[in-house]
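Participant:
Protein chains: 2
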Amino acid sequence: MSQAAGAHTRLDVMNFLNEISARFPAAISFASGRPAQQFIHLQQWMGAGARFVDYFADEKRMPEEQAYHLLGQYGNTNGIINGLIARQVRHDHGIACLAGEVLVTAGGQEAIDLCVRQLCSEPGDVLLARTPTYIGATGVADLHGIEIAGFRCDDEADMADALAAAVARLEQHGKRPRALYLVPDFDNPSASVLSYATRMQLIAYCAAQGIVVLEDNPYGMFRYEGETIPPMYALDSHGCVVFLGTYSKTICPALRVGFAIVPERMLQGQVCGKQVMAQLSQAKSFSTLNTSQVSQAIVGGILLDQQCSLRASIEPAVAYYRGNRDTMLACLDSAFKEWPQQITWNVPQGGFFLVLKLPFDFGAEEADICARQFGVIVMPLSFFALAPGHERHVRLAFSNVGEEAIAEGVKRFAAFVRQRLQGQ
Amino acid sequence: MSQAAGAHTRLDVMNFLNEISARFPAAISFASGRPAQQFIHLQQWMGAGARFVDYFADEKRMPEEQAYHLLGQYGNTNGIINGLIARQVRHDHGIACLAGEVLVTAGGQEAIDLCVRQLCSEPGDVLLARTPTYIGATGVADLHGIEIAGFRCDDEADMADALAAAVARLEQHGKRPRALYLVPDFDNPSASVLSYATRMQLIAYCAAQGIVVLEDNPYGMFRYEGETIPPMYALDSHGCVVFLGTYSKTICPALRVGFAIVPERMLQGQVCGKQVMAQLSQAKSFSTLNTSQVSQAIVGGILLDQQCSLRASIEPAVAYYRGNRDTMLACLDSAFKEWPQQITWNVPQGGFFLVLKLPFDFGAEEADICARQFGVIVMPLSFFALAPGHERHVRLAFSNVGEEAIAEGVKRFAAFVRQRLQGQ
Numbered sequence: 142m143s144q145a146a147g148a149h150t151r152l153d154v155m156n157f158l159n160e161i162s163a164r165f166p167a168a169i170s171f172a173s174g175r176p177a178q179q180f181i182h183l184q185q186w187m188g189a190g191a192r193f194v195d196y197f198a199d200e201k202r203m204p205e206e207q208a209y210h211l212l213g214q215y216g217n218t219n220g221i222i223n224g225l226i227a228r229q230v231r232h233d234h235g236i237a238c239l240a241g242e243v244l245v246t247a248g249g250q251e252a253i254d255l256c257v258r259q260l261c262s263e264p265g266d267v268l269l270a271r272t273p274t275y276i277g278a279t280g281v282a283d284l285h286g287i288e289i290a291g292f293r294c295d296d297e298a299d300m301a302d303a304l305a306a307a308v309a310r311l312e313q314h315g316k317r318p319r320a321l322y323l324v325p326d327f328d329n330p331s332a333s334v335l336s337y338a339t340r341m342q343l344i345a346y347c348a349a350q351g352i353v354v355l356e357d358n359p360y361g362m363f364r365y366e367g368e369t370i371p372p373m374y375a376l377d378s379h380g381c382v383v384f385l386g387t388y389s390k391t392i393c394p395a396l397r398v399g400f401a402i403v404p405e406r407m408l409q410g411q412v413c414g415k416q417v418m419a420q421l422s423q424a425k426s427f428s429t430l431n432t433s434q435v436s437q438a439i440v441g442g443i444l445l446d447q448q449c450s451l452r453a454s455i456e457p458a459v460a461y462y463r464g465n466r467d468t469m470l471a472c473l474d475s476a477f478k479e480w481p482q483q484i485t486w487n488v489p490q491g492g493f494f495l496v497l498k499l500p501f502d503f504g505a506e507e508a509d510i511c512a513r514q515f516g517v518i519v520m521p522l523s524f525f526a527l528a529p530g531h532e533r534h535v536r537l538a539f540s541n542v543g544e545e546a547i548a549e550g551v552k553r554f555a556a557f558v559r560q561r562l563q564g565q
Numbered sequence: 142m143s144q145a146a147g148a149h150t151r152l153d154v155m156n157f158l159n160e161i162s163a164r165f166p167a168a169i170s171f172a173s174g175r176p177a178q179q180f181i182h183l184q185q186w187m188g189a190g191a192r193f194v195d196y197f198a199d200e201k202r203m204p205e206e207q208a209y210h211l212l213g214q215y216g217n218t219n220g221i222i223n224g225l226i227a228r229q230v231r232h233d234h235g236i237a238c239l240a241g242e243v244l245v246t247a248g249g250q251e252a253i254d255l256c257v258r259q260l261c262s263e264p265g266d267v268l269l270a271r272t273p274t275y276i277g278a279t280g281v282a283d284l285h286g287i288e289i290a291g292f293r294c295d296d297e298a299d300m301a302d303a304l305a306a307a308v309a310r311l312e313q314h315g316k317r318p319r320a321l322y323l324v325p326d327f328d329n330p331s332a333s334v335l336s337y338a339t340r341m342q343l344i345a346y347c348a349a350q351g352i353v354v355l356e357d358n359p360y361g362m363f364r365y366e367g368e369t370i371p372p373m374y375a376l377d378s379h380g381c382v383v384f385l386g387t388y389s390k391t392i393c394p395a396l397r398v399g400f401a402i403v404p405e406r407m408l409q410g411q412v413c414g415k416q417v418m419a420q421l422s423q424a425k426s427f428s429t430l431n432t433s434q435v436s437q438a439i440v441g442g443i444l445l446d447q448q449c450s451l452r453a454s455i456e457p458a459v460a461y462y463r464g465n466r467d468t469m470l471a472c473l474d475s476a477f478k479e480w481p482q483q484i485t486w487n488v489p490q491g492g493f494f495l496v497l498k499l500p501f502d503f504g505a506e507e508a509d510i511c512a513r514q515f516g517v518i519v520m521p522l523s524f525f526a527l528a529p530g531h532e533r534h535v536r537l538a539f540s541n542v543g544e545e546a547i548a549e550g551v552k553r554f555a556a557f558v559r560q561r562l563q564g565q
């Protein structure tokens, strides 16, 4: 329990996550970072494809019927809504990119999968990641036998130094660190945000070392307060950042549409981004061939309806998640006021999660007891760990639970904690 | 040119296929086995999802609104229309399977990808395939560094012997043949059909050797004459066949919905099919997470509308493809009547392709000349080859060209052949 999860354990976490809610359907779940379902207008959105078909027919100068025929067929491996995505990331993230730099993928997970495999394709290539980190990235590496070097940094200001130390260790052993996986905005699972200064330091260091930053940004648009910091892709003038995006949180997960933005001039021109894109495209052609054009048409139609910015359409969801966060913080304050020094948590400025620290270890066994005996599901942070050091932390997701359920769930979790502390 | 395509060349073929039509838009293309677009009713089908939502809400005993919410979310990795697919393959292919034996995939290509990687996951594991074969299967192996052992058999009756010889050679070198990729019905690219006797011999041999047959069946429902032979999955009592299916030809490619059927009791119980399924599911969870539930709802809705059999709905398409095949055969008869001995072709009983043999080599260079100078695109069979021996063959697809274009395209191809023969 005090050891970091190994490759095998990490692979099983995805199943644990998927299954624990089904195993305990009556429990209140703080386990999964799903978007809240009241903002998913699937029935309405299934009609949005028609809007894109009009646009597509116009663009290709063909009758609508022919556009439907073309959309129904096999399609371009890299996608058909690349230009609309390029406009959306310009409006919503301040990212300047060409349509040709966008690869449309079957969800954000496929973008991670393709990029990690492509960048770490030779023996000795290593994926760098801060510990703890998102299991969807480390799982790809584990599944394909790619070495992961996790580095710890408790103070975000030390991150570039911690990274440099990890790289030095790898190079001593003849390994080649090729990519750094990061969620700079409202990280999953830590909920942290990288400062402007840290972003700039990491970019400078990675550019100098020839390391590609895989900047995963599922939560960036869900900021509840404070100043937005530009994505690393927008701050990078060296071509060392690949931006990974998804419409699973801003629209809905069921469409399975995500993307990667690969700069044409990579690593100051040392690497041909077009060549990297061609290799990603080739790998995609042997896994999913192309992303569903029906899903792409729906996302495209929504983007057209929203003038290629999703800021306004997600406003009600942002307000709801902010309220949920506030409720959870207030409930935690009230539930744990007896132990102000021993039980602490962070106050995330955005995203779907917060992290709480307990005065005792909390692993799979404790998660199971919480679910089974106390009717509340929480995630041990050690499930996401690449090295020891997070045994006493839990991740609480507040995105897809109502206010009442949050209050009741925190009460149940506090009951477990009380029993454990009083039993000591 | 007289050598079999190597791994690198094979990987490039997919690009060649995707790009040659775009490079020569005025050329008549016999290159790609796309379904004919007049049978793709995308606009109408995009409404079929609602039918599935009703069914899904009924099944889960929830209001329709909640069903839409659930469908809009992340979903079961293995899919949500597995029961409907199990019914469809029972009706249309005589396959008996449980819903739990069905894995829904992001197109048939993902099913191939997951199965090849899973079955050949250890060093020394080898994928067996008859040469020539579909590039989507060998491409997966090439991309992941999995060895492919191609075996040739000109007479289909010798296939089990040719396979046994290939297996013996591998075992002499300490290799483990783990899977045999096959398209038993209207093979791509050869258009051949395996006889009942050959199917039974292969099943007996593979069951005895512990080799899993990956039976890919995109074209099985497109038979134009003659008796249907049951799929190998339906003939197999040993659990040595995994059935791979797709809705790209029977509905349309844009939905990207395919599936694998993995028997629970594999290889006479030596292998736990549930365990294999769990591993496929885990690999899928790190590549596409789950197949788009919007696409699944549309396929599900169409299956419900058709009482889980697509035989009736594809009848017009079958009649059209049969007509196209007849037109192509008549045009070839007429165009090549001067050289009855030197130029020959097969008469496929179904599927989307036929194969023609020339009295001279036909490779990438010749394909380029045909497209550029003669305005017709055909595929060298050597592109699909795993060993020398198909340098003089070409594959002609007749599925997505009208009768007039077939006549004109064959005329253009004959003009190239005439020039080449008279220039000799």
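Protein chains in written order, with our numbering: chain A, 142 to 565; chain B, 142 to 565.
Beta carbons: idealized from backbone N, C-alpha and C, even for Gly.
All values derive from a computational prediction rather than experimental measurement.
For Ile289(A), which three-state DSSP category applies?
Facilitator: As a first step, residue 289(A) is located in the first sequence; it is residue number 148 there, counting from the start. Strand, per DSSP.
Participant: Do you know whose CA, among His314(A), Gly216(A), Phe554(A) and Met362(A), lies nearest Pro325(A)'s CA?
Facilitator: Along the first sequence, one-based indexing puts residue 325(A) at 184. Taking only the C-alpha atoms, the option nearest Pro325(A) is Met362(A).
Participant: If you measure from the beta carbon of His531(A) to each beta carbon in chain B, is any gap under 7 Å?
Facilitator: Looking up residue 531(A) in the first sequence gives position 390. No, His531(A) lies away from the interface with chain B (no Cβ there is under 7 Å from its Cβ).
Participant: Determine the burial state of His314(A): buried for a count of at least 16 other Cβ atoms within 10 Å of its Cβ, exposed for fewer.
Facilitator: Indexing the first sequence from 1 puts residue 314(A) at position 173. Looking at its Cβ environment, which holds fewer than 16 other Cβ atoms inside 10 Å, His314(A) is exposed.
Participant: Distance, Cα to Cα, Thr468(A) vs Gln179(A)?
Facilitator: Your numbering for residue 468(A) matches position 327 in the first sequence. Your numbering for residue 179(A) matches position 38 in the first sequence. Using only the alpha carbons, I get a separation of about 18 Å.
Participant: Kindly list, in the order they appear in chain B, the residues whose Cβ is closer than 8 Å to that of Ile181(A).
Facilitator: In the first sequence, counting from the first residue as 1, residue 181(A) sits at position 40. The answer, in chain order, is Tyr209, His210, Gly213 and Gln214.
Participant: Please list, in chain order, the residues of the region 424-446 of chain A that have any C-beta partner in chain B closer than 8 Å.
Facilitator: Per Cβ criterion, the list reads Ala424, Ser426, Phe427, Ser428, Thr429, Leu430, Asn431, Thr432, Ser433, Gln434, Val435, Ser436 and Ile439.
Participant: From Leu430(A) to Arg364(A), what distance separates their C-alpha atoms?
Facilitator: Your numbering for residue 430(A) matches position 289 in the first sequence. Your numbering for residue 364(A) matches position 223 in the first sequence. Whole-angstrom Cα-Cα distance: 35 Å.
Participant: Identify each residue in the region 381-404 of chain A for which the Cβ-Cβ distance to at least one residue of chain B is less than 7 Å, and report them in chain order.
Facilitator: For the region 381-404 of chain A, which is checked against every Cβ of chain B, the residues closer than 7 Å are Cys393, Pro394, Ala395, Leu396 and Arg397.
Participant: Run through the region 523-554 of chain A for me and flag every whole beta strand (DSSP E) of 3 or more residues, listed as ranges in chain order.
Facilitator: Runs of the beta strand (DSSP E) inside the region 523-554 of chain A: 534-538.
Participant: Going by DSSP, which residues form a beta bridge with Ala270(B)?
Facilitator: Counted from its first residue, the second sequence places residue 270(B) at position 129. Ala270(B) pairs with Gly291(B) and Tyr322(B).
Participant: Excluding five sequence neighbours on each side, which residues of the same chain lie with their C-beta closer than 6 Å to the C-beta of Cys393(A)?
Facilitator: Within the first sequence, numbered from 1, the residue matching residue 393(A) stands at position 252. Excluding sequence neighbours, Cys393(A) sits near Ile181.
Participant: Return yes when the Cβ of Thr339(A) is within less than 7 Å of the Cβ of Met373(A), no when it is not.
Facilitator: Along the first sequence, read from residue 1 onward, the residue named residue 373(A) stands at position 232. Along the first sequence, read from residue 1 onward, the residue named residue 339(A) stands at position 198. For Met373(A) and Thr339(A), no; Cβs fall outside 7 Å.
Participant: So, does the CB of Arg175(B) fall closer than 7 Å to a CB anywhere in chain A?
Facilitator: In the second sequence, residue 175(B) corresponds to position 34, counting from 1. With 7 Å as the cut-off, Arg175(B) counts as an interface residue toward chain A.
Participant: Thinking C-alpha only, which one of Val558(A), Ala526(A) and Arg466(A) is nearest Pro500(A)?
Facilitator: As a position in the first sequence, residue 500(A) is number 359, starting the count at 1. Looking at the Cα atoms, Val558(A) is the closest of the given residues.
Participant: Jot down the residue ranges of each uninterrupted beta strand (DSSP E) in the region 358-420 of chain A, minimum 3 residues, whole runs only, in chain order.
Facilitator: Taking only runs of at least 3 residues, the beta strand (DSSP E) segments lying wholly in the region 358-420 of chain A are 382-387 and 399-402.
Participant: Buried or exposed: where does Cys347(A) fall if 16 or more other Cβ atoms within 10 Å of its Cβ makes it buried?
Facilitator: Here residue 347(A) refers to the residue found at position 206 when the first sequence is read from its first residue. Per the 10 Å Cβ criterion, buried.
Participant: Please identify, using Cβ separations under 7 Å, the residues of the region 227-255 of chain B that lie next to chain A, in order along the chain.
Facilitator: Correct list: Ala247, Gly248, Gln250, Glu251 and Asp254.
Participant: Under a CB-based cut-off of 7 Å, is Met142(A) close to chain B?
Facilitator: To locate residue 142(A), count along the first sequence from 1; it is residue 1. Note on Met142(A): pLDDT 28, under 50, position unreliable in the model; the coordinate value appears next. So no, Met142(A) is outside the interface.
Participant: Taking the straight line between their C-alpha atoms, what separation do you get for Glu242(B) and Ile518(B)?
Facilitator: Stepping through the second sequence from its first residue, residue 242(B) is reached at position 101. Stepping through the second sequence from its first residue, residue 518(B) is reached at position 377. The alpha-carbon atoms of Glu242(B) and Ile518(B) are separated by roughly 40 Å.
Participant: Buried or exposed: Met142(B), going by 16 or more other Cβ atoms within 10 Å of its Cβ?
Facilitator: The residue labelled residue 142(B) in the question sits at position 1 within the second sequence. The predicted model places Met142(B) with a pLDDT of 29, which falls under 50 and marks its position as unreliable; any figure quoted below should be read in that light. Met142(B) comes out exposed.
Participant: Which runs of the alpha helix (DSSP H), 4 residues or longer, sit entirely within the region 442-525 of chain A?
Facilitator: You should have 456-476 and 505-510.
Participant: Does the pairing of the region 158-177 of chain B with the region 414-433 of chain B give three or more beta-carbon distances under 8 Å?
Facilitator: As far as the Cβ criterion goes, the region 158-177 of chain B does not touch the region 414-433 of chain B, which means the pair count is below three.
Participant: Tell me which same chain residues have a C-beta within less than 7 Å of the C-beta of Thr277(B), skipping the five on either side of it?
Facilitator: Translated into the one-based positions of the second sequence, residue 277(B) becomes position 136. Per the sequence shown, the amino acid found at residue 277(B) is Gly instead of Thr. Only Gln250 and Ile253 meet the Cβ criterion.
Participant: What do you get for Ser475(B), buried or exposed, if any count of 16 or more other CB atoms within 10 angstroms of its CB means buried?
Facilitator: As a first step, residue 475(B) must be located in the second sequence, where it is residue number 334. So Ser475(B) ends up on the exposed side.
Participant: Can you look up Val334(A) in the DSSP assignment and give me helix, strand or coil?
Facilitator: Along the first sequence, read from residue 1 onward, the residue named residue 334(A) stands at position 193. The answer is coil: DSSP assigns Val334(A) none of H, G, I, E or B.
Participant: Tell me, please, whether the CB atom of Gln184(B) is closer than 7 Å to any CB atom in chain A?
Facilitator: In the second sequence, the residue the question calls residue 184(B) occupies position 43. By this cut-off, Gln184(B) is an interface position.
Participant: With H, G and I counted as helix, E and B as strand and the rest as coil, what does DSSP make of Ser433(B)?
Facilitator: Along the second sequence, one-based indexing puts residue 433(B) at 292. Reduced to three states, the DSSP call for Ser433(B) is coil.
Participant: Closest to Ala247(B) by CA distance: which of Gln350(B), His210(B) and Phe400(B) is it?
Facilitator: Counting from 1 along the second sequence, the entry for residue 247(B) is found at position 106. That would be Phe400(B), whose Cα lies nearest to the Cα of Ala247(B).
Participant: Taking only the alpha-carbon atoms, compute the straight-line gap between Ala303(A) and Gly492(A) and give it to the nearest angstrom.
Facilitator: Within the first sequence, the letter at position 162 stands for residue 303(A). Within the first sequence, the letter at position 351 stands for residue 492(A). The straight-line gap from Cα to Cα measures roughly 25 Å.
Participant: If you compare alpha carbons, which of Gly442(B), Gln411(B), Thr387(B) and Leu451(B) is closest to Phe197(B)?
Facilitator: On the second sequence, residue 197(B) is found 56 positions in, with the first residue counted as 1. Taking only the C-alpha atoms, the option nearest Phe197(B) is Gly442(B).
Participant: In this structure, what does DSSP give as the bridge partners for Glu356(A)?
Facilitator: Within the first sequence, the letter at position 215 stands for residue 356(A). Glu356(A) pairs with Leu323(A) and Phe384(A).
Participant: Indicate whether Leu311(A) and Ile287(A) have their beta-carbon atoms separated by less than 7 Å.
Facilitator: Stepping through the first sequence from its first residue, residue 311(A) is reached at position 170. Stepping through the first sequence from its first residue, residue 287(A) is reached at position 146. Cβ atoms of Leu311(A) and Ile287(A): not closer than 7 Å.
Participant: Identify, in the order they occur along the chain, each residue of the same chain with its Cβ nearer than 6 Å to the Cβ of Met230(A), setting aside the five sequence neighbours on each side.
Facilitator: Here residue 230(A) refers to the residue found at position 89 when the first sequence is read from its first residue. Per the sequence presented here, residue 230(A) reads as Val, with Met not at that position. Taken in chain order, the residues that qualify are Ile236.
Participant: From Ala145(A) to Ser523(A), what does the alpha carbon distance come to, in whole angstroms?
Facilitator: Stepping through the first sequence from its first residue, residue 145(A) is reached at position 4. Stepping through the first sequence from its first residue, residue 523(A) is reached at position 382. At Ala145(A) the pLDDT is 46, less than 50, meaning the model places this residue with poor confidence; the figure from the coordinates comes in the next sentence. Using only the alpha carbons, I get a separation of about 6 Å.
Participant: Give every residue of the same chain whose Cβ lies closer than 7 Å to the Cβ of Ala305(B), excluding the five residues on either side of it in the sequence, and list them in chain order.
Facilitator: Position 164 of the second sequence, counted from the first residue, corresponds to residue 305(B). Cβ within range, chain order: Tyr346.
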